[in-house]
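The sequence shown begins at 628 in this note's numbering and counts up by one.
Glycine residues also receive a C-beta, built at the ideal position from the N, C-alpha and C atoms.
In this text the structure is predicted, and so the values were computed from the model without any measurement.
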Amino acid sequence: MSLNSQQLTQIQTKGIRWIEPAAIGLARTGGAGPTDHKAFSFESQTSMIPVFNEQIQRSPFSAKFSDDSTQVLIFEDDKLIDKASIPGRPKFYDLESADGIPYWKVATLHSKDVLATTVLQECVRYRNRDTSCQFCAIEESLKAGKTIARKTPELLAEVARAAVELDGVTQMIMTTGTPKTLDRGAAVLVESAAAVRRVVDIPIQAQCEPPDDDIWFQRLKDAGVDALGMHLEAVSDRVRKAIMPGKATVPIGRYMSAFKAAVEVFGKGNVSTYILAGLGDTEDEIVAMSLQLIELGVYPFVVPFVPVAGTPLANHPMPDATMLDRIFSQLGPALYHKGITSESLKAGCAKCGACSSLKSYEKQTVEQQFTEKELAHG
Ligand code: SF4
């Protein structure tokens, strides 16, 4: 019993109803980027599955603990379709800094072995609805006291070391709200990465908007950053202007020139971008942009949009699973043929692969090719 790629896509776009809400355990709500998820570890991979928003009440998928509580049973309607486990609470969450800041407010566990932090929890675009990204909840977790506004390099290094030593995390992701400065956060990522790499040897992905000067890519690399994410989120000017009017003032042309310059520094595949399917871009627009990016050596991490409570898009419909299946069926082979599969990347969301089933479509391509070769050899 194991989920195939199409089933995983369905689950990620429809969510899972948790039959025993009191026992939901470790989950991620609020914060920057995709959230309101819960990690489920299936046989082949760990996936973040929407569990919180109201639309999930209509999902055919549900979950509950097995009678001995060792596993989570996943049902489609009434039929048992898979079993999963849920990553436990990491040990580093129980520690705090010398001045009393709990480590879980500095960085959190994503998926099962990724340490993620938002270095600056405030964003120059957030407080004004004329400029904010409508899907983002970056300052909500700050208001709720679940994090701190600025994680210093020293604090990040301390927490990263504990997470590696106590919980075996295998990579670190540093994102940031966009500050007023023209480097758009690259400078704080440089000092943060350098501090972490001084105390622990862990691959790091940094994420920011394209900075004013491409020189920042080399500075990030020199500081110990292995991979860079610059997130388009939406690919058409129409949707960018409607959903993320502030970020849309940075033209797609600037993203493309930044991608090109960053690939020269980090290497093909180690530059990536999030694309949120379901915000209004058409299937053709997403595929066309993604193929263009793959050609440049950029990994288009296409993710189903998950509405987040407390944002203007809280009631926006979740995307259609069949559309995502068609998109992924084209991108999986294209990534495979370009040699930038998730496994080959050094760090980042595309390597983690928990927020999208795209990774499993790359695998499908590999398996299909293997079978074809076997058949050809009789
Ligand atoms: S894909 Fe990125 S955002 Fe999603 S769980 Fe992994 S590290 Fe976190």
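Q | Rounded separation between Leu855 and Asp695 - CA only | A | 43 Å
Q: Determine the direct distance from the alpha carbon of Ile765 to that of Gly772, and round the result to whole angstroms.
A: Going by C-alpha positions, Gly772 is about 12 Å away from Ile765.
Q: Check whether the Cβ of Ser738 lies closer than 7 Å to any heavy atom of the ligand SF4, and answer yes or no.
A: yes
Q) Between Ile676 and Ile713, which are expected to be in contact by the criterion C-beta below 8 Å, what is the C-beta distance as a whole number of angstroms? A) The pair is not a contact, with the Cβ atoms about 11 Å apart (cut-off 8 Å).
Q: Below 6 Å CB to CB, which residues in the same chain sit around Ile708 once its five sequence neighbours on both sides are set aside?
A: Ile701
Q. What are the boundary residues of the beta strand (DSSP E) that Glu703 is part of?
A. Residues Val699 to Glu703.
Q) Within this structure, are the beta carbons of Ala573 and Ala889 separated by less than 8 Å? A) In the structure displayed, the chain extends from 628 to 1005; residue 573 sits before or after that span and is not available.
Q: Tell me where the alpha helix (DSSP H) around Thr744 begins and ends.
A: Thr744 -> not in any alpha helix (DSSP H); beta strand (DSSP E) instead, spanning Val741 to Thr745.
(Q) Does Pro661 pass the burial test, meaning 16 or more other C-beta atoms within 10 Å, or should it be called exposed? (A) Residue placement at Pro661 cannot be trusted, given a pLDDT of 49 that sits under 50; what the coordinates show is reported in the next sentence. It is buried - the Cβ of Pro661 has at least 16 other Cβ atoms within 10 Å.
Q. Just the Cα atoms here: how many angstroms apart are Glu912 and Pro729?
A. 43 Å
**Q.** Run of the beta strand (DSSP E) containing His858, from where it starts to where it stops
**A.** From DSSP, His858 is part of no beta strand (DSSP E); its letter is neither H nor E.
Q. Nearest to Arg865 by CA position, among Lys874, Gly907 and Leu903, is which residue?
A. Taking only the C-alpha atoms, the option nearest Arg865 is Gly907.
(Q) So, with DSSP's three-state summary, where would you put Leu940? (A) coil
Q | Gly980 CB to nearest heavy atom of the ligand SF4 below 7 Å | A | Indeed, a heavy atom of the ligand SF4 lies less than 7 Å from the Cβ.
Q. Where does Ser969 sit, in a helix, a strand or coil, going by DSSP?
A. helix
(Q) Quick check: Cys760 and Glu860, are their CB atoms within less than 8 Å of each other? (A) Here Cys760 is near Glu860, since their CB atoms are less than 8 Å apart.
Q) Is any heavy atom of the ligand SF4 found at a distance shorter than 7 Å from the C-beta of Ile643? A) no
Q) At which residues does the beta strand (DSSP E) containing Val898 begin and terminate? A) In the DSSP assignment, Val898 falls within the unbroken beta strand (DSSP E) covering Val898 to Ala904.
Q. When you compare only the Cα positions, how much space is there between Gln639 and Ile954?
A. Each residue's Cα considered, the two are about 14 Å apart.
Q: Since I believe Pro931 is in contact with Met945 (beta carbons under 8 Å), could you give me their beta-carbon distance rounded to a whole number of angstroms?
A: 7 Å
Q) Which two residues bound the contiguous beta strand (DSSP E) that contains Thr802? A) Gln798 to Thr802
Q) Mapping DSSP to helix, strand and coil, what is Lys874? A) helix
Q. Is it the case that the CB of Met799 approaches a heavy atom of the ligand SF4 more closely than 7 Å?
A. In this structure, the C-beta of Met799 stays at least 7 Å away from each heavy atom of the ligand SF4.
(Q) Going by the DSSP bridge assignment, what does Ile831 pair with across the sheet? (A) Met799
Q: Taking 8 Å as the threshold, find out whether the stretch 791-804 comes into contact with the stretch 739-751 through three or more Cβ pairs.
A: yes
Q) Which whole-angstrom value is the C-beta distance of Gln672 and Ser987, which I expect to be below 8 Å? A) 7 Å
Q.
For the ligand SF4, I want to know if Val898 counts as a neighbour, meaning its beta carbon is within less than 7 Å of at least one of the ligand's heavy atoms.
A. no
(Q) Could you check whether the stretch 715-729 touches the stretch 674-688, counting it as contact only if at least three pairs of C-beta atoms, one from each stretch, sit closer than 8 Å? (A) no
Q) Three-state secondary structure (DSSP) at Tyr926? A) strand
Q: Can you have a look at His858 and say buried or exposed, based on whether 16 or more other CB atoms are within 10 angstroms of its CB?
A: It counts as buried.
Q: Please indicate yes or no: does the CB of Val741 lie closer than 7 Å to some heavy atom of the ligand SF4?
A: True, at least one ligand heavy atom lies under 7 Å from that Cβ.
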